[in-house]
Amino acid sequence: MSAESVIQITDVSKSFGRNPVLDELNLNIQAGESIVIIGQSGCGKSVLLKHIIKLIEPDRGTVRFDGLDLQEVRGRHLITLRRRIGILFQSAALFDSMTVAQNVGLGLRESKEHTVDQIEDIVHEKLDLVGLADAAEKFPAELSGGMRKRVGLARAIATDPEVLLYDEPTTGLDPITADLINNLIVELSQHLKVTSIAVTHDMVSAYKIANRVVMLYEGKVRFDGTPEETRATEDATVRQFITGSARGPIKVR
Amino acid sequence: MGLGVQALGRKSIQSISKLGGFFVLAGRFLASLKDIPKSLRLIAEQIYFVGLKSFPLIMIISIFVGAVSAWQAAYQFKFIGAPPRLLGQAVGKAVVMELAPVLSAIVFAGRVGAGITAELGTMRVTEQIDALESIGINPVRYLVMPRVIACMLMVPFLVIFANFIAIMGALIVSIVGVDLTPEIFLNGFKDSFAMKDFNNGLIKAGVFGMIIGLVGCYEGFITTGGAQGVGKTTTSSVVVSSVLILIFNFVFAVLLFRI
Ligand SMILES: Nc1ncnc2c1ncn2[C@@H]1O[C@H](COP(=O)(O)OP(=O)(O)OP(=O)(O)O)[C@@H](O)[C@H]1O
Ligand SMILES: [Mg+2]
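Protein chains in written order, with our numbering: chain G, 464 to 716; chain W, -12 to 246.
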């Protein structure tokens, strides 16, 4: 457990009613790392991401961000801390009463650190990065699923957070747009030194953006290694997942 | 039998934790009041959205409630031999004290309270409230406080309007049905009219507005489970706030009028 871990997840357990999801899970993430989390649908990847930003609290165990135990961070401190993290929700979770530009600019407007003109420029720049400069005045209901995902991404990066959580950033995108998003994620992590944690089922994207792959299985970290180690693994469970086979040790529930 | 007791136990634990959650939200609402200056635009928006929704329905209800009150009072007067000039007094009291505040509040709960729950409930199940939190916005300040304040301001406004329309309804009946002159009716009304009653009616209305806003937001926040969940909490929002309005109204009556 080295000192510069930005995120330390220690013995975290979480169940919903009688449904255990995370079971004494441990995961440490260093600043600047680019992690991809893989695992079967329903295994708790999204739940894990939400723990990092305290949208969900663990039943047992601790989540630390920059050394702070999230359980003890509240009120104004929690708001300040959350502004250092950006999250792209699996469902995009756009504010449907606001235009695309207002969605992307909301965090900037509320932090009151920029003028209206600056916000407009930043919004335009971020929308450009995700290839949606033309959609600024549209409402979420007028967008396709993939476009919504990209607006969600633009919103997540709007405030230039130090840590980015991506929940399936390329799901629902065509291969070309997916590549644009992969490049953007790589760009953010390599040039801006953003720590990134991405959940994905898309192994092409995983190998492209990750310098570390983590697989969740039955509430725990089953595998943790570099992309090369992932490709070469002997673990039948991991192999079954990355090669995408219905036959093997993983039972499809 | 055992199962029944267990289910009952579970139900009461749920109700208690729901009540606890409600008071937590009410506390956070009070704490967010210090941010009113930052949130004037949001409050103004909500007043605009909330404000205009209920007026047409309140107008129709009030005119008929005023009319039927006058009719019934006149009918009772005939039997007990009370002079018809007292009509303005009797109807005026009932309308200003009870009918206008309670009916306006219940209509408001059905339209605005339900609307708030449906909106916030949808935002909850589509993770929009999580998204707000994730970009460092306190959803109580951003969503709850402007709505509750809008309700607290608009219900009293609606009550003033309802008072006026209901008295008009009663006036029409007393002119057309009872053959009173407008002067007699209005003089009777004026004699009985006390600014204190009117003010109490408005304070009551403000409290009702707060109940409707807080219950509406709370039910929205605890929504789970998609469209069906939104339907459930929306209904629950109207039922809970209507019942609370009636209970509080009775408590007010007991506190204000010593019999
Ligand atoms: N708010 C919630 N209430 C109850 N159960 C939940 C909630 N959120 C998640 N779960 C449950 O937790 C488990 C893990 O869900 P999660 O969304 O993390 O899966 P996932 O790994 O992200 O799957 P996918 O790849 O399909 O997105 C599921 O069984 C789900 O039913
Ligand atoms: Mg998920």
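Built from N, CA and C at the ideal position, the CB exists for glycine as well.
C-alpha gap between residue i and residue j, whole angstroms
i: Glu625(G); j: Arg546(G); result: 9 Å
i: Glu573(G); j: Ile124(W); result: 7 Å
i: Glu85(W); j: Gly75(W); result: 15 Å
i: Ala192(W); j: Ile93(W); result: 11 Å
i: Ala(-6)(W); j: Lys671(G); result: 52 Å
i: Arg15(W); j: Lys21(W); result: 11 Å
i: Thr220(W); j: Lys(-2)(W); result: 16 Å
i: Val563(G); j: Leu29(W); result: 19 Å
i: Gly108(W); j: Val657(G); result: 34 Å
i: Ser4(W); j: Val11(W); result: 10 Å
i: Gly213(W); j: Ile548(G); result: 27 Å
i: Ile154(W); j: Phe180(W); result: 12 Å
i: Phe244(W); j: Pro169(W); result: 30 Å
i: Ser161(W); j: Asp178(W); result: 17 Å
i: Lys719(G); j: Ile582(G); result: With chain G represented from 464 up to 716, any question about residue 719(G) goes unanswered, as that position is not in the structure.
i: Thr696(G); j: Gly707(G); result: 14 Å
i: Met182(W); j: Ala77(W); result: 16 Å
i: Gly524(G); j: Ile660(G); result: 20 Å
i: Gly609(G); j: Asp486(G); result: 33 Å
Classification of residue i by the beta-carbon crowding that lies within 10 angstroms, buried from 16 upward
i: Glu114(W); result: buried
i: Gln63(W); result: exposed
i: Asn646(G); result: exposed
i: Gln33(W); result: buried
i: Glu120(W); result: buried
i: Lys65(W); result: exposed
i: Asn187(W); result: buried
i: Arg611(G); result: buried
i: Tyr680(G); result: buried
i: Ile190(W); result: exposed
i: Phe208(W); result: buried
i: Phe176(W); result: buried
i: Leu158(W); result: buried
i: Val226(W); result: exposed
i: Gly682(G); result: buried
i: Ser2(W); result: exposed
i: Glu106(W); result: buried
Beta-carbon contacts of residue i that lie in its chain and below 6 Å, excluding the five residues immediately before and after
i: Gly156(W); result: Ile50, Gly53, Ala54
i: Ile171(W); result: Arg72
i: Val37(W); result: Val99, Ala137, Met141
i: Ala617(G); result: Val567, Lys589, Leu590, Val593
i: Asn236(W); result: Val89
i: Val131(W); result: Phe16, Cys204
i: Asp665(G); result: Thr633
i: Val536(G); result: Leu544
i: Ser607(G); result: none
i: Arg613(G); result: Val593, Leu595
Inter-residue CB distance, residue i and residue j (contact presumed, cutoff 8 Å)
i: Val586(G); j: Asp630(G); result: The pair is not a contact, with the Cβ atoms about 22 Å apart (cut-off 8 Å).
i: Val677(G); j: Ile500(G); result: 5 Å
i: Ile516(G); j: Ile550(G); result: 6 Å
i: Lys477(G); j: Asp529(G); result: With 8 Å as the limit, Lys477(G) and Asp529(G) do not qualify as a contact, their Cβ atoms being about 22 Å apart.
i: Val526(G); j: Val510(G); result: So it is not a contact: roughly 12 Å between Cβ atoms.
i: Phe185(W); j: Val112(W); result: Incorrect: roughly 42 Å between the Cβ atoms, too far for contact.
i: Pro133(W); j: Gly196(W); result: The pair is not a contact, with the Cβ atoms about 13 Å apart (cut-off 8 Å).
i: Ser229(W); j: Glu206(W); result: About 13 Å separates the two Cβ atoms, so there is no contact after all.
Unbroken alpha helix (DSSP H) run spanning residue i, endpoints
i: Arg28(W); result: 27 to 38
i: Ala92(W); result: 87 to 95
i: Tyr62(W); result: 42 to 67
i: Gln581(G); result: 579 to 592
i: Asp623(G); result: It is not in any alpha helix (DSSP H) - Asp623(G) carries neither H nor E in the DSSP assignment.
i: Ser224(W); result: 213 to 243
i: Leu571(G); result: 563 to 574
i: Gly100(W); result: No alpha helix (DSSP H) contains Gly100(W), which DSSP labels as neither H nor E.
Residue i: first and last residue of the uninterrupted beta strand (DSSP E) it sits in
i: Ala661(G); result: 658 to 662
i: Met678(G); result: 675 to 680
i: Ile472(G); result: 468 to 479
i: Pro483(G); result: 482 to 493
i: Thr525(G); result: 523 to 528
Minimum Cβ-Cβ distance from residue i to chain C less than 8 Å
i: Asp184(W); result: No chain C appears in the structure shown, which is made up of the protein chains G and W.
Same chain, Cβ closer than 8 Å to residue i, five either side skipped, listed in chain order
i: Met464(G); result: Bear in mind that a pLDDT of 46 at Met464(G), under 50, signals an unreliable position, so the model cannot answer this.
i: Leu655(G); result: Asp623
i: Gly164(W); result: Ala57, Trp58, Ala61
Residues near residue i in its chain [Cβ-Cβ closer than 7 Å; skip 5 each side]
i: Ile713(G); result: Gln503, Thr700, Gln703, Phe704
i: Ala240(W); result: none
i: Ser468(G); result: Asn491, Ile492, Gln493
i: Ala619(G); result: Gly549, Ile550, Leu551, Leu627
i: Val146(W); result: Ala87, Pro88, Ser91, Gly188, Leu189, Ala192
i: Ala101(W); result: Thr221, Ser224, Val225
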